[in-house]
Amino acid sequence: MPKNVGVEPVFSRLTSGLPYLIHLYGDITMLLTQKPKSRYRGRQSKRPEITPHQAKQKAIRLLRENRLSPMAVQVTEALATGGVLTSGQLYHVTTVSPRTLQKYHKQYLLDRLPILADELMALDLADDPAKLRLYTLGPVGLEVARIRHEHVPTGYTGYGTHRIIHDVLTNEVVLRLAALAVERGYEPLWYSKYEATVHDERGNPALEPDAMPAVPRDGVYRYFVVEFHNEDKRTRARSKVDRYERVYRDGRWRNELETDEMPAVLAVFTHKIVGKGYREAISSRSMRPRCVFLGKSWRDVIAGDDMARWFNFNQGKMVDILED
DNA sequence: CTATAAGCCCACTCAGGCGC
DNA sequence: GCGCCTGAGTGGGCTTATAG
Numbered sequence: 002m003p004k005n006v007g008v009e010p011v012f013s014r015l016t017s018g019l020p021y022l023i024h025l026y027g028d029i030t031m032l033l034t035q036k037p038k039s040r041y042r043g044r045q046s047k048r049p050e051i052t053p054h055q056a057k058q059k060a061i062r063l064l065r066e067n068r069l070s071p072m073a074v075q076v077t078e079a080l081a082t083g084g085v086l087t088s089g090q091l092y093h094v095t096t097v098s099p100r101t102l103q104k105y106h107k108q109y110l111l112d113r114l115p116i117l118a119d120e121l122m123a124l125d126l127a128d129d130p131a132k133l134r135l136y137t138l139g140p141v142g143l144e145v146a147r148i149r150h151e152h153v154p155t156g157y158t159g160y161g162t163h164r165i166i167h168d169v170l171t172n173e174v175v176l177r178l179a180a181l182a183v184e185r186g187y188e189p190l191w192y193s194k195y196e197a198t199v200h201d202e203r204g205n206p207a208l209e210p211d212a213m214p215a216v217p218r219d220g221v222y223r224y225f226v227v228e229f230h231n232e233d234k235r236t237r238a239r240s241k242v243d244r245y246e247r248v249y250r251d252g253r254w255r256n257e258l259e260t261d262e263m264p265a266v267l268a269v270f271t272h273k274i275v276g277k278g279y280r281e282a283i284s285s286r287s288m289r290p291r292c293v294f295l296g297k298s299w300r301d302v303i304a305g306d307d308m309a310r311w312f313n314f315n316q317g318k319m320v321d322i323l324e325d
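Sequential numbering from 2 applies to the first sequence in the working numbering.
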């Protein structure tokens, strides 16, 4: 990809850990349905604050002296790509234990985001709800990532719950799709939303997908962009379709994404009305869309539905996105 | 108070490096 | 080869802090 030249996307190195992804998490479902009301409960971290300058010095030292373990690299890379992941997601990507994550936190590599008590209580399927944590890059991890990547997701501590959950669920979609791809013998890649962004002629973002997984096919990587909708407005779908079509015609994406084939859009929606919106937007166009739009409901994702089977809005039928 | 999370200590495994 | 050390990751078990 153009933006992170010389940097391997996370998944290219993580295929060995991926089979762990297969079983259902369940630790995610309730994050969506529960409204944030209760506050953080339990002991709070008393890790002393450090200045951004101190963090940068630590990061430079860690890299120069080669003192970042392979596991630490994998974890920071995963977070640099996905922004915010649960301890469960991190485990399924890297096989890192909660204990080690705690250590990384202490070393300023990671930050924790408070998980709300009610949402924890609502867990029913989780293997170990007590160990569920939300992690983002910490001050040092952020600086490490900045040295490796042009754009790094930041600011989660300032984001509202809705936004954080949006990103966690987006990552869940990517991880589950990747897990299936690995199961079928492919080596999937995982690009961040920054790497997936396409700009207009003035340099402003024209498309800002939530993530960009890629799966090889016939020796060439085939890209998908994820659009995760956890709102219930059908009009958002129409504007997305219009925007993708505009960007397609513009053609700039070929250079920015370094691909000859426009990535297919994987639209995941928590409200059926959004899927309906896509359907109407596509069928009502006078010209047949040039982009491929695929849809799946979040309900199906967490129910363990086959992650390769998506509804193709253009053709009006189910397809297998890894084989068709 | 209780429930929950963070902190801390110890012990174990495993891999790599070093000296002999 | 062997023994020894060190660092990383891990898990158990206990203590301490804090919101409700």
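Ideal placement from N, C-alpha and C gives every residue a C-beta, glycine not left out.
Under the rule that 16 or more other beta-carbon atoms within 10 Å means buried, what is residue i, buried or exposed?
i: I148; result: exposed
i: P210; result: buried
i: I322; result: buried
i: R1; result: This structure leaves residue 1 out entirely; the chain is present only between 2 and 325.
i: A73; result: buried
i: V221; result: exposed
i: M319; result: exposed
i: A182; result: buried
i: Q316; result: exposed
i: R235; result: buried
When DSSP labels each residue in this structure, what does residue i get in the three-state scheme?
i: R164; result: helix
i: S98; result: coil
i: G273; result: Residue 273 is actually Lys in this sequence, not Gly. K273: helix per DSSP, three-state reduction.
i: G83; result: helix
i: G159; result: helix
i: A212; result: strand
i: E188; result: coil
i: T171; result: helix
i: V183; result: helix
i: V153; result: coil
i: A207; result: strand
i: M319; result: strand
i: E50; result: coil
i: E66; result: coil
With a CB to CB cut of under 6 Å and the five nearest residues on each side skipped, what residues in its chain are close to residue i?
i: S193; result: T82
i: I23; result: Because the pLDDT of I23 is 34, which lies under 50, any placement of that residue in the model is unreliable, and the question is left without a value.
i: N313; result: L295 and V320
i: K297; result: V269 and W311
i: R291; result: Y249
i: W299; result: V269 and T271
Per DSSP, residue i is paired with what?
i: Y222; result: P217
i: G296; result: A268 and F312
i: L328; result: Nothing about residue 328 can be read from this structure; the chain reaches only from 2 to 325.
Tell whether a beta-carbon distance below 9 Å holds between residue i and residue j.
i: M213; j: E196; result: yes
i: G276; j: A265; result: no
i: R134; j: T87; result: yes
i: G305; j: N172; result: no
i: Y109; j: G142; result: yes
What residues in its chain sit with their C-beta under 7 Å from that of residue i, if we drop five residues either side in the sequence?
i: K241; result: E228
i: A238; result: V275, G278, Y279 and A282
i: Y224; result: M213, A215, L258, T260 and P264
i: D307; result: none
i: L64; result: V145 and I148
Can you give me the Cβ contacts of residue i inside the same chain, cut-off strictly under 8 Å, excluding the 5 residues immediately before and after it?
i: A146; result: T77, E78, L80, A81, L138 and V153
i: R253; result: V199, H200, D201, E202 and A207
i: D325; result: none
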